[in-house]
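Notes follow the structure.
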Amino acid sequence: MVTTSRQLSEANVLVGDKTISVPYSFFGPDSKLYVPIQPIAQALGWKVTDVTGVEYCYSIKTSHQELLADKTNSLMYNSRLFVRMDAIRAAGYTNTGIQWIQPDDYHG
Numbered sequence: 001m002v003t004t005s006r007q008l009s010e011a012n013v014l015v016g017d018k019t020i021s022v023p024y025s026f027f028g029p030d031s032k033l034y035v036p037i038q039p040i041a042q043a044l045g046w047k048v049t050d051v052t053g054v055e056y057c058y059s060i061k062t063s064h065q066e067l068l069a070d071k072t073n074s075l076m077y078n079s080r081l082f083v084r085m086d087a088i089r090a091a092g093y094t095n096t097g098i099q100w101i102q103p104d105d106y107h108g
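Residue numbers (my numbering): 1 to 108.
Next comes the structure, spelled out in structure tokens:
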């Protein structure tokens, strides 16, 4: 019998002096790194809302400025909003990065 398991976190998003665990991140069709915005918003006190009257546009209010997530800098996957890391940097968070977590059962 074959079984699969999934880690609770596969990456940490680094924003300033904060390390935020995220369930998964991925490189999109444009070869850019996408991260789920909800765990980051919760950790940093950001507010994410729909922009009224505009299709596929979300306002992300950070402590630096407002970031608009739309089809140019974000993707929706399984009802989750993912934003490109470079969009977070453009919103004034220049000290950002990703830390990949190696699975415990990795034998490579």
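The C-beta atom is built at its ideal place from N, Cα and C for all residues, glycine as well. What you are looking at is a predicted structure, and each value in this text was computed from that prediction instead of being measured.
Identify every run of the alpha helix (DSSP H) within the segment 3-76, keeping only runs that are complete inside it and at least 4 residues long; order them along the chain. 37-44
Give me, in chain order, the residues of the same chain whose beta-carbon lies closer than 7 Å to that of residue 35; leave out the 5 immediate sequence neighbours on both sides. 13, 22, 25, 82, 83, 85
Residue 69 and residue 37 look like a contact to me (Cβ under 8 Å); what is the Cβ gap, rounded to whole Å? 7 Å
As a quick exercise: from 27, 11, 44, pick the residue whose alpha carbon is nearest that of residue 17. 44
Rounded to the nearest angstrom, what separates residue 51 and residue 92 at their Cα positions? 21 Å
Could you please give the first and the last residue of the uninterrupted beta strand (DSSP E) stretch that includes residue 101? Taken as a continuous stretch (DSSP letters only), residue 101 belongs to no beta strand (DSSP E), as it is neither H nor E.
How many Å lie between residue 95 and residue 89 at the Cα? 7 Å
Return the CA-CA distance between residue 80 and residue 39, expressed in angstroms with no decimal places. 11 Å
How should residue 73 be labelled, buried or exposed, when 16 other C-beta atoms within 10 angstroms of its C-beta is the threshold for buried? buried
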